[in-house]
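If you read the sequences in order, they're chains A and B.
Numbering-wise, my numbering puts 63 at position 63 of the first sequence, and it's gapless, one number per residue.
Add 295 to the 1-based position in the second sequence for my numbering, that's all there is to it.
Every residue gets a Cβ at the ideal spot worked out from N, C-alpha and C, and that includes glycine.
All values reported here derive from a predicted model rather than from experimental measurement.
Number of protein chains: 2
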Amino acid sequence: MPKALAIDIGGTKIYNSIVNEKGEIISEIEKHHTPKTFEEIKEIFKEIITAHENEADVIAISTCGAVNNSNTGILGSTGNIAKEYPTMDFMSLSKKKVFVENDANAAAWAEHIIGSSKGLPTSIMITLGTGVGGGLILNNRIFKGKNGAAGEMHFKMRTDKHRKCTCGSWDCFEAYASGSGLKKTAEEISKNPNITTYDVIGGWQKNDNLMTEIYKKWENDILEGLIGLANIFDPDVIVLSGSLAEFTNPEYLTETVNKEIVTTPTKIVKGSAGNYSGMIGAALLALGVGLGGDK
Amino acid sequence: MPKALAIDIGGTKIYNSIVNEKGEIISEIEKHHTPKTFEEIKEIFKEIITAHENEADVIAISTCGAVNNSNTGILGSTGNIAKEYPTMDFMSLSKKKVFVENDANAAAWAEHIIGSSKGLPTSIMITLGTGVGGGLILNNRIFKGKNGAAGEMHFKMRTDKHRKCTCGSWDCFEAYASGSGLKKTAEEISKNPNITTYDVIGGWQKNDNLMTEIYKKWENDILEGLIGLANIFDPDVIVLSGSLAEFTNPEYLTETVNKEIVTTPTKIVKGSAGNYSGMIGAALLALGVGLGGDK
């Protein structure tokens, strides 16, 4: 069975493993901290590939940052990683085929092939973590836009320049729906600058009134974003993934979204492709799994 | 040269003409007021088709309301027209091929084939009229979503339930960027319930301070929506159409959007397919023009 050496690189960690065309991880998962310098990042890539390329047919890389439409390299700049990283020459890493995709797009593809959006032509995946990632599967294909950067969940939640977003603009969905956004919402409501997302989630789980008020504000911000996306895309499903997704209530979100939209009823679900969906999705894409169907 | 009998039906007017496969209107344009009852609407359709079907190869209908993915009929309900209209059996209107598409989607296709987004794979069209319409051309195809309803420009501009939208939800882009939205913004800022969009546009053109303040608020609301769409789609172009588009400043919008987005630079332009782009686009689609390329 064809196999990929899958590597997932983010601002904090680098993971690698061997993934087969069923999307199964069939080796131990290796983990590295993402080094600070570009030279060290390149060294880790070389080490991983030298050690494991003979076990696989292709090299599949899931990366932070927008990836071009030819799946060969990164567009523009990315946050939270060595500033030269976007110049990375992925294609020279191996004599085997090297395939690169954005981590959120790769994770969306994993959900599309083996996870919560399996078999559904149109799905939007949103990762709720420290930030917010987005992946668009439209008519059974990853939609990447003009240059590959589509799917950025930076649409406005308000227009009065209330909260700066990590992207440099103001009041994006990411600035409210992310873990960082939840912390800022908590600070605003509690007036406590030291409050954490753990305080909010823990307090909400224990029915603390203030923590529940903060949680409900965060949940409503997510809800308002989902309404917009459902009206824009008329999707089969919106998949919530990432570390904070487990604290959402998909049944409530589905019911409420469907009361507010003008498009046809949709579903909000949690992702089910697991924590390594970036590696899995990149491997499936690099192996061509799912790419034979209609566009 | 193949020709279509094109009919455009909205809440106020019904237009019809013969359109060739170059997108040229080659007959006099007939106009009717849209009648109040469903029976009268059906009668007008029959009259038009009986009188003109022999002049054309296909019947092309551009209609208000979401149209299904098989382009045969309307999904769910539509505003501003007889409530039974969505049950219309378009397919029985003629023995010739009958093709139906949503008016904003049809207009977006006209821009894609003969207008401002000609030759560009990914464009978003926004019609700024009494309401706001949307059409998505993604990878050289109209993107219609799960059931055909995609492209609704009902994403939130704020989350504090400030202004009710015609869709029944709150604070959608349509409720701020449309002509009706501009009037409401003008009422809020001027405290004058009788102010009209003509007052605002006329006053802004004469550099009146208050009218310019209102115009700038409306322009900023449009801008904030465009930033979100550019980040979601990474489009080649966003086309502004409809009666209010002529009062926008595409150069300013382009420059400002490109300062705020994380995706790659895009362009904001005015539509150039004209007032009858719905008829033209429906005719081009019914005749298959542009549908041979890559998806």
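| Asked | Found |
| --- | --- |
| Is it buried or exposed, E174 of chain A, if we count other Cβ atoms within 10 angstroms and call 16 or more buried? | buried |
| C462 of chain B touches chain A at which residues, Cβ-Cβ below 9 Å? | N231, E260, I261, V262 |
| Compute the distance between the beta-carbons of L370 of chain B and N442 of chain B, then report whether it is under 7 Å. | yes |
| For the segment 436–450 of chain B against the segment 224–237 of chain A, do three or more pairs of beta-carbon atoms, one drawn from each stretch, fall closer than 8 Å, so that the two count as touching? | yes |
| At the level of alpha carbons, what is the spacing between F155 of chain A and A60 of chain A? | 30 Å |
| For A110 of chain A, report the span of its alpha helix (DSSP H) as first-last. | 103–114 |
| Name the one or two DSSP bridge partners that F99 of chain A has. | A:A60 |
| Could you give the first and the last residue of the continuous alpha helix (DSSP H) run that contains D199 of chain A? | 197–205 |
| So, T263 of chain A versus N231 of chain A, is the Cβ gap smaller than 7 Å? | yes |
| Taking I137 of chain A as the query, report the chain B residues whose CB atoms sit under 8 Å from its CB, ordered along the chain. | Those do not exist, as I137 of chain A stays about 12 Å from chain B at its closest Cβ, beyond 8 Å. |
| Leaving out five residues before and five after E323 of chain B in sequence, what residues of the same chain have Cβ atoms less than 8 Å from its Cβ? | S312 |
| Just confirm the distance between the C-beta atoms of G67 of chain A and A286 of chain A, as a whole number of angstroms; I'd bet it's less than 8 Å. | Checking the sequence shown, residue 67 of chain A turns out to be Val, not Gly. Not a contact, Cβ separation roughly 12 Å. |
| Could you give the distance in angstroms between the alpha-carbon of T329 of chain B and the alpha-carbon of S473 of chain B? | 22 Å |
| Around the Cβ of I321 of chain B, are there at least 16 other Cβ atoms within 10 angstroms (buried) or fewer (exposed)? | exposed |
| With 7 Å as the threshold, decide whether the Cβ of G79 of chain A is near any Cβ in chain B. | no |
| Give the straight-line distance between the Cα atoms of K118 of chain A and E550 of chain B, rounded to the nearest whole angstrom. | 40 Å |
| Is there a Cβ from chain A that is less than 7 Å from the Cβ of M574 of chain B? | no |
| Under the assumption that M279 of chain A contacts A6 of chain A (Cβ atoms under 8 Å), give the Cβ distance between them as a whole number of angstroms. | 4 Å |
| Counting only C-beta atoms, is N397 of chain B closer than 7 Å to chain A at any point? | no |
| Spell out whether any CB of chain B is found under 7 Å from the CB atom of R163 of chain A. | no |
| Whole alpha helix (DSSP H) runs in the segment 21–73 of chain A with 4 or more residues, listed along the chain? | 38–52 |
| Please identify, using Cβ separations under 8 Å, the residues of the segment 208–233 of chain A that lie next to chain B, in order along the chain. | N220, D221, E224, G225, I227, G228, L229, N231, I232, F233 |
| To the nearest angstrom, report how far apart G587 of chain B and K478 of chain B are at their CA atoms. | 43 Å |
| List the DSSP bridge partners of L128 of chain A. | A:V132 |
| At the level of alpha carbons, what is the spacing between Y310 of chain B and I304 of chain B? | 7 Å |
| Please go through the same chain and pick out, in chain order, the residues whose beta-carbon is closer than 6 Å to the beta-carbon of L524 of chain B, but skip the five residues on each side of it. | I419 |
| Are the CB atoms of I509 of chain B and V495 of chain B nearer to each other than 7 Å? | yes |
| By alpha-carbon positions, which one of A:M91, A:D103, A:K3, A:S272 ends up nearest to G131 of chain A? | A:D103 |
| Looking at the secondary structure, which residues open and close the beta strand (DSSP E) in which V289 of chain A lies? | Premise fails: V289 of chain A is in no beta strand (DSSP E) and is neither H nor E. |
| Closer than 9 Å, Cβ to Cβ, to anything on chain B: give me those residues from the segment 139–151 of chain A, in chain order. | N139, R141, F143, K144, G145, K146, N147, G148, A149, A150, G151 |
| Sort out for me which residues DSSP pairs C467 of chain B with in a bridge. | B:K451 |
| Beta-carbon within less than 6 Å of A578 of chain B's beta-carbon, same chain only, minus the 5 sequence neighbours each way: which residues are those? | A299, A301, V314, A355 |
| If you measure from the beta carbon of K83 of chain A to each beta carbon in chain B, is any gap under 7 Å? | no |
| Note down, in chain order, each residue of its chain lying with its Cβ closer than 7 Å to the Cβ of I339 of chain B, except the 5 sequence neighbours on either side. | I309, H327, P330 |
| Quick one: give me the first and last residue of the alpha helix (DSSP H) that I227 of chain A is part of. | 209–233 |
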